[in-house]
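Note sheet for the following structure.
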Amino acid sequence: VPYPWQLDAAEALILGLNSVVIAGTGARKTMPFIMPFLRDKKKCIIIISPLKALQQDQ
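At position 42 of the sequence shown the residue is numbered 48 (my numbering), and the sequence of numbers has no breaks.
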């Protein structure tokens, strides 16, 4: 069951609004990005993640 903030984020993406989701590790951030894609497979999803910067910090 999605959290309310996940539904809000997914709705913003479906409406074509620019969105930023900030949440901690394991907070289930992926679901809001996938939900619009499941609704309309013609959509393109681009996720930018600073993995190299995170690796350097560890």
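We put the CB at the ideal spot given by N, CA and C, even for glycine. Remember, predicted model here, so these are calculated numbers, not experimental data.
Residue nearest to residue i in terms of C-alpha spacing, selected from the options
i, options, result
"I51", "S25, L13, V7", "S25"
"S55", "F43, A18, A29, I20", "A29"
"D46", "T31, R34, L21", "L21"
"Y9", "L44, V27, K48, R34", "R34"
Residue-chain proximity (residue i, chain B), Cβ-Cβ < 9 Å
i, result
"T36", "Of the protein chains in this structure there is only one, and it is not chain B."
Residue i (DSSP reduced to helix, strand or coil)
i, result
"T31", "coil"
"L60", "helix"
"I44", "Here residue 44 is Leu; the residue named in the question, Ile, does not match the sequence. L44: helix per DSSP, three-state reduction."
CB-CB length for residue i against residue j, believed under 8 Å
i, j, result
"A128", "V7", "The displayed coordinates of the chain run from 7 to 64. Any statement about residue 128 would go beyond what the structure contains."
- Query: Do three or more CB pairs link the stretch 55–62 to the stretch 25–41 at distances below 8 Å?
  - Reply: In short, these stretches do not touch, since the Cβ pair count stays below three.
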